[in-house]
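One structure is given below, encoded as structure tokens.
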Amino acid sequence: SPPSSLATLPPFFMRGSIIQLADGELKRVEDLKTEDFIQSAEISSELKIDSSTVERIDTGQTPNVVVIQFGVGELKAQVSVEVLMEYPFFVFGQGWSSCCPDRTTRLFELSCAKLCVGDVCVSLTLRSLG
Amino acid sequence: NVEPRSVPVFPWHSLVPFLAPTQSD
Numbered sequence: 049s050p051p052s053s054l055a056t057l058p059p060f061f062m063r064g065s066i067i068q069l070a071d072g073e074l075k076r077v078e079d080l081k082t083e084d085f086i087q088s089a090e091i092s093s094e095l096k097i098d099s100s101t102v103e104r105i106d107t108g109q110t111p112n113v114v115v116i117q118f119g120v121g122e123l124k125a126q127v128s129v130e131v132l133m134e135y136p137f138f139v140f141g142q143g144w145s146s147c148c149p150d151r152t153t154r155l156f157e158l159s160c161a162k163l164c165v166g167d168v169c170v171s172l173t174l175r176s177l178g
Numbered sequence: 016n017v018e019p020r021s022v023p024v025f026p027w028h029s030l031v032p033f034l035a036p037t038q039s040d
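The listed protein sequences correspond, in order, to chains C and G.
Residues in the first sequence are numbered consecutively from 49, following the numbering used here.
Residues in the second sequence are numbered consecutively from 16, following the numbering used here.
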């Protein structure tokens with residue numbers, strides 16, 4: 049199936065952006081921890097946290113675009129997304145990571161690690177799907 | 016009168032990609 053596209057860069061990855069957790073607490077995007085996502089999902093009635101393991105990272109059809117294939121959840125359902133190489137994902141226990149951390153840091157001033165095959169990213173699914 | 020500048024607040028879930036596993040059956 050064709051990859052879903054996350055080809056835009058949302059404003060909330062900019063350092064200093066204010067993020068509201070599910071319990072109402074406000075945090076800056078650069079201060080978020082794995083626990084913030086886990087606890088917010090626990091409160092949510094609609095969303096649950098899933099682990100998405102990076103299985104492949106391929107160069108996309110257009111410049112600066114990569115196609116990342118994830119194995120989602122316990123069943124490792126195959127999902128691929130097409131993203132700009134600086135698009136950050138939150139890796140469990142590690143924090144923000146992208147395929148090109150230098151660009152992410154330059155564009156968003158967001159400290160970032162290199163996203164690698166085998167990294168386990170925070171993702172969401174609908175509770176009703178489980 | 017100076018109106019306070021509103022700071023955008025983003026919900027936590029907007030930061031996380033929504034990866035719905037494909038239903039195999």
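The beta-carbon is built from N, C-alpha and C at its ideal position, and this holds for glycine as well.
Asked                                                                                                                                                                                : Found
Under 7 angstroms Cβ to Cβ from C:GLU94, same chain only, skipping five residues before and after it: list those, please.                                                            : LEU174, ARG175
Taking the alpha-carbon of C:PHE85 as reference, which of C:PHE137, C:CYS160, C:CYS164, C:ASP150 has the nearest alpha-carbon?                                                       : C:PHE137
For C:VAL165, which option in C:GLY141, C:ILE91, C:ASP71, C:GLU103 has the closest C-alpha, if you only look at C-alpha atoms?                                                       : C:GLU103
Whole angstroms is fine: what's the gap from C:ASP79's alpha carbon to C:ALA125's?                                                                                                   : 30 angstroms
Using 8 angstroms as the limit for Cβ to Cβ distance, is G:SER21 near chain C?                                                                                                       : no
Suppose the cutoff is 8 angstroms on Cβ atoms and the five residues either side in sequence are ignored; what does the same chain contact list for C:SER65 look like?                : PRO59, ARG76, VAL77
Output the distance between the C-alpha atoms of G:TRP27 and C:CYS169, rounded to the nearest integer angstrom.                                                                      : 15 angstroms
Going residue by residue through the region 50-129 of chain C, where are the continuous alpha helix (DSSP H) segments of at least 4 residues, counting only ones entirely within it? : 82-91
Quick one: grab the DSSP three-state call for C:PHE140.                                                                                                                              : coil
Using a cut-off of 7 angstroms between C-beta atoms, extract the partners of C:ASP79 located in chain G.                                                                             : Near C:ASP79 there are no residues of chain G at all, since even the closest Cβ is about 12 angstroms away, more than 7 angstroms.
As a quick exercise: from C:ASP167, C:GLN68, C:ILE67, pick the residue whose alpha carbon is nearest that of C:GLY119.                                                               : C:ASP167
Using the C-alpha atoms, what's the distance from C:SER159 back to C:THR107?                                                                                                         : 23 angstroms
Report the rounded CA-to-CA distance for G:PHE25 versus C:GLU83, giving the unit in angstroms.                                                                                       : 18 angstroms
Contact criterion: CB-CB distance below 8 angstroms. Does C:SER176 meet it with respect to chain G?                                                                                  : no
I want to see whether chain G comes within less than 8 angstroms of C:ASP161, judged by CB atoms only; does it?                                                                      : Position check: residue 161 of chain C holds Ala in this sequence, whereas Asp was assumed. So, not an interface residue.
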